[in-house]
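Protein chains in written order, with my numbering: chain R, 1 to 115; chain U, 1 to 295.
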Amino acid sequence: MPKIAIASENGGGLDDVVASRFARAPKFTIVELDEKGNIVNVRVIDNPGAQATGGAAIKAIQALINEGVDLVVGPAFGPNAQAVLTEMNIKSMTAAAGTKIRDIVEQAKKELGLG
Amino acid sequence: MRVKLAVTGGKGGTGKSTVATNLAALLARERRLVLADLDVEAPNDHILLGVGLENEEPVKIMLPFIDYKKCTRCGVCAEVCDTGAIVLTRDKTPYVVPRLCSGCRACYFACPEKAIIEGQRVIGYTYHTNVRLKTSSFDLVTGVLREGEEHTPPVVLAARRRAMKLANDVLLVDTSAGTASHVAIALEGSKLAVAVTEPTPLGLHDLEMILKILSEQGIEAWVVVNRWGIGSSGRMMDRLAETARNYGAVIKARIPYSRDIVDSYVKGVPIVEMLPDHEVSKVFYSLAKEILETI
Ligand SMILES: Nc1ncnc2c1ncn2[C@@H]1O[C@H](COP(=O)(O)OP(=O)(O)O)[C@@H](O)[C@H]1O
Ligand code: SF4
Ligand code: SF4
Ligand SMILES: [Mg+2]
């Protein structure tokens, strides 16, 4: 089942908004969809990059790799982050900071070719 | 090397290289001198001196390669890597991100299967150019960090080493802006540092930062206030002097804002050579004289 991770500004969840920075976002909202694009599960995980002294983006991505996500959403991705995402076969999508996460899920479905 | 001097200071564009190249031109009249441009992210002493970068040598650091036949996917290498340069896939297959790797070898030593092979990666270059001016000549060593690279210290160290090998009298280093660890590496062992600043609130702030580093390292600091001009206030000068005093430093010179400095930059000739009678040149003469008396 497709999984999306959205860098979240506050406590995460569908009513939170996209964080202003990917690597330092406090939380990731993990949204699981079924093959039709319906939301089947929403969870929130901590971003280990938020408190990291160095390599924050990579630490964040490592957590998302472990979650097995297919698509990562953030305001922007640096060259290191982009390189690792590509290498790990994870799609990425940018969305303006402050966008409602509920609205992002709709766009993400298109990005994944669902619904 | 008998004595090491440094030119350092606030943000980029403050005038460090202008001061360093003019002092180099003057000091080289009296002493055998090596100028080291350790602002490896944006070296420009060669531009101010109108010379090219010659005698290239690569700066290499270790880059791990994984022997996937031996690797048991234990994940230890990623755990010990400080820079986050090793990412594990879901089945814990390690993958190295070269740009992030500092070449520390921690993964190499930690791998229980000896599955990590030592490779190398070029992160920058050092150069050595002979500079011949009308009234003096000296050696210029330049460090250049490769585009897109983030690990500055090894390049600063390599350029410093190359310059020290050449210098048997005076070594003058031009550092990069700010107070990062590689600036401290560039400054290390200096007898005297010229801290260049501007008569602005930002300049005041930057001056305080660099004077702190210098006093921590026990390096004598001389402050040079650059770009003095219309709008510069006596009050700002007082505040700069007060900050200097707090760190046991003194303001040694004030360089006016001058179009001729920009012109000398464009022409690639230090102003002390291009316009020896210019008021700015006179500031450099007295500064160089005082330095020679001190060392
Ligand atoms: N006193 C001054 N008056 C006018 N222009 C100046 C003065 N000092 C430096 N500049 C100009 O500012 C730019 C940056 O100077 P530079 O010495 O390269 O700074 P830094 O090495 O601190 O980055 C150059 O174009 C230089 O000609
Ligand atoms: S430490 Fe060695 S064996 Fe373990 S995952 Fe890394 S390379 Fe493989
Ligand atoms: S050499 Fe050091 S920085 Fe590079 S991957 Fe190994 S542990 Fe990480
Ligand atoms: Mg410079």
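Heads up, the beta-carbon is just placed ideally off N, CA and C, and yes, glycines get one too.
Here the structure is a predicted model, which is why all the values come from computation and not from measurement.
- Under the 8 Å criterion on CB atoms, residue 97(U) is classed as interfacial with respect to chain R.
- Look at the stretch 231 to 251 of chain U: it has no residue with a C-beta under 7 Å from a C-beta of chain R.
- Taking all protein chains shown into account, residue 40(R) has fewer than 16 neighbouring C-beta atoms within 10 Å of its C-beta and is therefore exposed.
- Contact annotation for residue 87(U) against chain R: 58, 61, 62, 65, 84, 87 and 88 [CB-CB distance below 9 Å, chain order].
- In this structure residue 201(U) does not touch residue 229(U) by the C-beta definition: roughly 15 Å separates them, more than the 8 Å allowed.
- Per DSSP, residue 257(U) lies in no alpha helix (DSSP H) and is assigned neither H nor E.
- Every residue with a CB closer than 6 Å to a heavy atom of ligand 1 is listed here in chain order: 12(U), 13(U), 14(U), 15(U), 16(U), 17(U), 18(U), 44(U), 226(U), 227(U), 255(U), 257(U), 258(U), 261(U), 262(U) and 265(U).
- Placement of the Cβ of residue 115(U) at a distance of less than 7 Å from at least one heavy atom of ligand 2 is found.
- Setting aside the 5 residues that flank it on each side, residue 12(U) is surrounded in the same chain by 42 and 177, each with a C-beta closer than 7 Å to its C-beta; the list follows chain order.
- Between ligand 2 and the CB of residue 295(U), the shortest heavy atom gap is not smaller than 7 Å.
- Of 287(U), 264(U) and 283(U), the smallest CA-CA separation from residue 274(U) is found for 264(U).
- Within the same chain, and ignoring the five residues on either side of residue 144(U) in sequence, the residues whose Cβ sits closer than 8 Å to its Cβ are 40, 43, 53, 124, 125, 126, 127 and 155.
- Annotation for residue 132(U): the continuous beta strand (DSSP E) segment containing it runs 116 to 132.
- A direct Cα-Cα distance of roughly 11 Å separates residue 81(R) from residue 84(U).
- At least one heavy atom of ligand 4 lies less than 7 Å from the C-beta of residue 174(U).
- C-alpha of residue 226(U) to C-alpha of residue 272(U): approximately 16 Å in a straight line.
- With the criterion set as a beta carbon lying under 9 Å from some beta carbon of chain U, the members of the stretch 44 to 57 of chain R are 49, 52, 53, 54, 55, 56 and 57, in sequence order.
- Of the candidates 26(U), 14(U) and 9(U), 26(U) places its Cα closest to the Cα of residue 270(U).
- Counting C-beta pairs with one atom in each stretch, the stretch 181 to 190 of chain U and the stretch 67 to 83 of chain U have fewer than three that are closer than 8 Å, which means they do not touch.
- Cβ-Cβ distances below 7 Å link residue 69(U) to nothing in the same chain once the five nearest sequence neighbours on each side are left out.
- Judged by beta-carbon spacing, residue 23(R) lies beyond the 8 Å limit of residue 8(R), meaning their Cβ atoms are not closer than that value.
- Short of 8 Å from the beta carbon of residue 100(U), and not among the five residues preceding or following it, lie these beta carbons of its own chain, in chain order: 83, 84, 85 and 150.
- Per the C-alpha coordinates, the member of 95(U), 166(U) and 244(U) positioned closest to residue 4(U) is 166(U).
- Boundaries of the alpha helix (DSSP H) harbouring residue 27(U): 16 to 30, taken from the DSSP string.
- Between ligand 4 and residue 39(U), a heavy atom-to-CB distance of less than 7 Å is present.
- Residue 121(U) has its CB no nearer than 7 Å to any heavy atom of ligand 3.
- Across the stretch 57 to 90 of chain U, CB contacts with chain R closer than 9 Å involve 78, 81, 82, 83, 84, 85, 86, 87, 88, 89 and 90, in sequence order along the chain.
- In terms of CA proximity to residue 56(U), 122(U) leads the group 122(U), 279(U), 262(U) and 218(U).
- For residue 92(R), the enclosing beta strand (DSSP E) stretches over residues 91 to 94.
- The shortest C-alpha to C-alpha distance from residue 2(U) to any of 61(U), 267(U) and 189(U) is the one to 189(U).
- Think of a sphere of 8 Å around the beta carbon of residue 68(R): the chain U residues whose beta carbon falls inside it are 90, in chain order.
- Here residue 27(R) is not near residue 15(R), since their CB atoms are 8 Å or more apart.
- Counting of Cβ neighbours within 10 angstroms places residue 259(U) among the exposed residues, the total staying below 16.
- For residue 100(U), a Cβ of chain R is located within less than 8 Å of the residue's own Cβ.
- Contact between residue 16(U) and residue 196(U) holds, since their C-beta atoms are separated by about 5 Å, short of 8 Å.
- In this structure, residue 247(U) places its C-beta atom within 8 Å of the C-beta atom of residue 211(U).
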